[in-house]
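Report on the following structure.
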Amino acid sequence: MSSQTQLRLILYEFSRKFQTKLSTQKLHSFVTKSRLARDPFFATQLVRLYAQNDDLASARKLFDVFPDRSVFLWNSVIRAYAKAHQFSTAFSLFSQMLSSDRRPDNFTYACLARGFSESFDTDGLRCIHGIAMVSGHGFDQICGSAIVKAYSKAGHISEASKLFLSIPDPDVALWNVMISGYECCGIWDKGINMFNLMQHRGNLPNCYTMVALATCLIDPSLLHIAWSVHGFCLKINLDTHSYVGCALVNMYSRCRCIASARSVYNSISGPDLVACSSLITGYSRCGNHKEALYLFNELRVSGKKPDCVLVAIVLGSCAELSDSVYGKEVHGYAIRLGLEFDIKVHSALIDMYSKCGVLDSAINLFEGIPEKNIVSFNSVILGLGLNGFASTVFEKFTEMLEMGLKPDEATFAALLCTCCHSGLLYKGQEIFERMKFEFGIEPKTEHYVYLVKLMGMAGKLEEAFEFVMSLRKPIDSGILGALLSCCEVHENTQLAEVVAEKILENGEERGRSVYKVMLSNVYARYGRWDEVERLRDGISESFGGKLPGISWF
DNA sequence: TTAGGGTTAG
Numbered sequence: 248m249s250s251q252t253q254l255r256l257i258l259y260e261f262s263r264k265f266q267t268k269l270s271t272q273k274l275h276s277f278v279t280k281s282r283l284a285r286d287p288f289f290a291t292q293l294v295r296l297y298a299q300n301d302d303l304a305s306a307r308k309l310f311d312v313f314p315d316r317s318v319f320l321w322n323s324v325i326r327a328y329a330k331a332h333q334f335s336t337a338f339s340l341f342s343q344m345l346s347s348d349r350r351p352d353n354f355t356y357a358c359l360a361r362g363f364s365e366s367f368d369t370d371g372l373r374c375i376h377g378i379a380m381v382s383g384h385g386f387d388q389i390c391g392s393a394i395v396k397a398y399s400k401a402g403h404i405s406e407a408s409k410l411f412l413s414i415p416d417p418d419v420a421l422w423n424v425m426i427s428g429y430e431c432c433g434i435w436d437k438g439i440n441m442f443n444l445m446q447h448r449g450n451l452p453n454c455y456t457m458v459a460l461a462t463c464l465i466d467p468s469l470l471h472i473a474w475s476v477h478g479f480c481l482k483i484n485l486d487t488h489s490y491v492g493c494a495l496v497n498m499y500s501r502c503r504c505i506a507s508a509r510s511v512y513n514s515i516s517g518p519d520l521v522a523c524s525s526l527i528t529g530y531s532r533c534g535n536h537k538e539a540l541y542l543f544n545e546l547r548v549s550g551k552k553p554d555c556v557l558v559a560i561v562l563g564s565c566a567e568l569s570d571s572v573y574g575k576e577v578h579g580y581a582i583r584l585g586l587e588f589d590i591k592v593h594s595a596l597i598d599m600y601s602k603c604g605v606l607d608s609a610i611n612l613f614e615g616i617p618e619k620n621i622v623s624f625n626s627v628i629l630g631l632g633l634n635g636f637a638s639t640v641f642e643k644f645t646e647m648l649e650m651g652l653k654p655d656e657a658t659f660a661a662l663l664c665t666c667c668h669s670g671l672l673y674k675g676q677e678i679f680e681r682m683k684f685e686f687g688i689e690p691k692t693e694h695y696v697y698l699v700k701l702m703g704m705a706g707k708l709e710e711a712f713e714f715v716m717s718l719r720k721p722i723d724s725g726i727l728g729a730l731l732s733c734c735e736v737h738e739n740t741q742l743a744e745v746v747a748e749k750i751l752e753n754g755e756e757r758g759r760s761v762y763k764v765m766l767s768n769v770y771a772r773y774g775r776w777d778e779v780e781r782l783r784d785g786i787s788e789s790f791g792g793k794l795p796g797i798s799w800f
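Whatever position you read off the first sequence (first residue = 1), add 247 for this note's numbering.
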C-alpha cells in the first residue's frame, strides 16, 4: 500500500471518528498542508463536517477557493445551505453549478427538492421536478423519494402518489416515503394499503416503515390497528428499536391507551429524552397530570436535560392540577436551564400562574417580556379572563391591536372565555361578530361553545337552541353539551331531553356517559327516578361504569 | 475508495 493511500485511510478514519468543530479545523489544517490539499473527497468531507457543526462560513470559504469542484462537493455545499434553511443561497449555488462544467445528479435534485419543501415553495418544487425529469433523473429512486416526500409534506398527495407509481421497482426507502406521505396527509388507510402492497411485492419492512406506520395511527378509534402494528414490530424484533419504540409510545398515547404506551416505554433499554418526552406528553394528553409530573421528576433526577417544549407541557400539567408549588419549582428549573426566555416556556408560565390564581406573578412575567407577541398576549388575556378581570382583558386587547399585532383564533377564544366568566353576553356577541367580519376568522367549535354558554347561562335557552340548530350539520357534541349544561342549570327538562337526544344521535362513545349524567341530573331535580335509573344503567352497560364520587364528609 | 435520498415527541 502506498504512503498516500495509507494517509487517505488514516484521515478518512479520523474524519469519521472525530466530528467536532475543533477536530474538523485540525483535519482541515492538516489536509491543506498535505499532498491531499486538492483532493475533492476530503474537501467534501470537510464541508459536511463544518456544516454539521453549524460553521457554514468555513464550509463556504473552503468551497470558494477549491479549484476542482466535484459533483459531490457541489452537492455537499448546496445541502449544507438547504439544511441551514438558507434556501436562496442553495438555489443560487445550483444556478452557478449549471453554468460550471459539472452536471447536477440525482442527489443534487434531491437536495433542492428538500430545500423547496422546507421553504414551502411548491412552485419551485414543481419547477425542480420538471428540470429533474428533463435531465433524466425524474424516475430515479433517490431523486424520486425526495420529490415524493416534498409533495406530500406540501399536502399534494395526488402528485406524490402519481410520481411514486411512475417509478419502476421502488426500493424500501421509496415505499417508506410514500407511507409517510399518506401519514402526513392523514390518510392512514392508504398508508396501511401501501404497507401491505410493499410486502406483497417482496419488500421487507424496516424500522423506517414501522415508524411511518405507527405515526399514521393517531385516534382512539384506530386502537385495534395500533395493536396489529405493535404485534408486527414484535414479530420482526423492532419494538425495542429506539425510534420505533418512541413511535409506538406516541401511537398508544394518541390512541389514549396510556397503559400500553407505558409498557412499550418500559421495554426500551435506556429510553432517551424523546422517549421520555413522548410518555410525559401522553400522560398529559390523557389527563394523568400527576404521573406526567412524576415522570418529569424522574427525568430530572436521571440528569437528562428537558427542552423548551417539554418544560411548557409540564407547566401545562401544573396548571391543570392548580399546583403552583411544583409550578414554581419548574419555573426555577427553567431559569437554571436558561429556558425561561423562550416564548413557549414564558407563555406556559403565565398560563400556569394565572390558572393557579397567582395572577401577580403572571402579570409580572408578561410585563417583563421585552418583545411581546401574539402568544404572550393570548396567555395573559386568558389568565386575566379566567380570574374575572374583564376590563383589564379588553385593555390588553386594545393594547395588542395598537401594537399592530393581529389577533388569532386563540385570542378570540380567550376573549369569549372572559365574557363567559364575567357573564358579558352582549360583549361576547360583539366579539364573536368582530372575529368573523372584522378579522375574517372562521369560528371553531370552542368559539361556538363559549357563545352558546353565554346565551344559555343568561337564560336565553331558546335563542341558544335556535342558534345551535342553524349551524352546519353534524353539530359537534361539544356545542350541544354546552347547551345541555345550561339546560341543567336552568332546570329545563324538556329542552334537555331534545338536546341530549341529538348528542346521542351523534353516536360517539367518548363523552356519552357525561351527557347522560347531565340529563339524569335534570330528571333527578324533578324526581323522575325511573328515567334516572334507566340512564344510569345505560351508563354502566355502555361505558364500563362511571366511577361514583365518594364524599369525605 | 471512502461520501449523498427516506426515521421518533410536543
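All C-beta atoms, glycine included, are put in the ideal place defined by N, C-alpha and C.
Asked	Found
Quick check on DSSP: helix, strand or coil for VAL605?	coil
Just verifying my parser: in three-state terms, what is the DSSP assignment at ARG349?	coil
Apart from the five residues just before and just after ILE797, which ones in its own chain have a Cβ nearer than 6 Å to its Cβ?	Note on ILE797: pLDDT 38, under 50, position unreliable in the model; the coordinate value appears next. Excluding positions up to five away in sequence, the list is empty.
Excluding the 5 residues preceding and the 5 following PRO417 in the sequence, name in chain order all residues of the same chain whose CB lies nearer than 6 Å to its CB.	none
Note down, in chain order, each residue of its chain lying with its Cβ closer than 8 Å to the Cβ of THR267, except the 5 sequence neighbours on either side.	ASN300
Evaluate the contact criterion for the region 477-487 versus the region 448-466: three or more CB pairs, one atom per stretch, below 8 Å.	yes
Is DSSP giving GLY615 helix, strand or coil here?	coil
So, at 8 Å on beta carbons, what are the nonlocal neighbours of CYS603 in its own chain, with the 5 sequence-adjacent residues on each side left out?	CYS565, ALA566, SER569, ASP570, SER571 and GLY574
To which residues of the same chain is TYR490 closer than 7 Å at the C-beta, ignoring the five residues directly before and after it?	CYS454 and VAL458
Let me know the alpha helix (DSSP H) ranges lying completely inside the region 446-501, each 4 residues or longer, listed in chain order.	454-463, 470-482 and 489-501
In three-state DSSP terms, what is SER767?	helix
If you count every other CB in all the chains shown that lies within 10 Å of the CB of ILE404, and 16 or more means buried, which is it?	buried
Locate the alpha helix (DSSP H) running through MET647, then write down its first and last residues.	637-649
Would you mind sorting CYS374 into buried or exposed? The rule is 16 or more other CB atoms within 10 Å of its CB.	exposed
For LEU256, which three-state DSSP category applies?	helix
With 16 as the cutoff for other CB atoms within 10 Å, does ASP348 come out buried or exposed?	exposed
I'd like the ranges of any alpha helix (DSSP H) spanning at least 4 consecutive residues and lying wholly in the region 362-414.	369-381, 388-400 and 404-413
Hey, is the region 548-562 in contact with the region 512-529, meaning 3+ C-beta pairs nearer than 8 Å?	yes
Can you tell me the Cα-Cα spacing of GLU365 and TRP321, whole angstroms?	20 Å
In chain order, what residues of the same chain have a beta carbon less than 8 Å from the beta carbon of TRP799, not counting five sequence neighbours either side?	Note that TRP799 has pLDDT 31, beneath the 50 cutoff, so the model's placement of it is unreliable and no number is given.
Rounded to the nearest angstrom, what separates ALA379 and TYR356 at their Cα positions?	6 Å
Output the distance between the C-alpha atoms of PRO287 and PRO553, rounded to the nearest integer angstrom.	40 Å
Around the Cβ of PRO795, are there at least 16 other Cβ atoms within 10 angstroms (buried) or fewer (exposed)?	Below a pLDDT of 50, predicted positions are generally treated as unreliable, and PRO795, at 40, falls in that range; the measurement from the model is reported next regardless. It counts as exposed.
Among LEU557, SER638 and CYS555, which residue has its Cα nearest to the Cα of GLY675?	SER638
Where do the ends of the alpha helix (DSSP H) carrying SER724 lie?	724-736
Cβ of LEU293 within 8 Å of Cβ of LEU309?	yes
Please give me, in chain order, every unbroken run of the alpha helix (DSSP H) with length at least 4 that falls completely inside the region 673-704.	692-704
Which residue comes first and which comes last in the alpha helix (DSSP H) that contains ALA306?	303-312
Distance check for ASP368 and TYR429, CA to CA, integer angstroms please.	20 Å
Measuring alpha carbon to alpha carbon, tell me which of TYR398, THR462, ALA407 and VAL424 ends up nearest GLY433.	THR462
Span of the alpha helix (DSSP H) holding ARG547?	536-548
In whole angstroms, what separates the C-alpha of SER305 from that of ARG326?	15 Å
With a Cβ-Cβ cutoff of 8 Å, do GLN388 and ALA420 count as a contact?	yes
Once the 5 residues before and after VAL622 are set aside, which same chain residues still bring their CB inside 7 Å of it?	ILE590 and SER594
Give me the Cα-Cα distance between ASP598 and ASN484, rounded to the nearest whole angstrom.	43 Å
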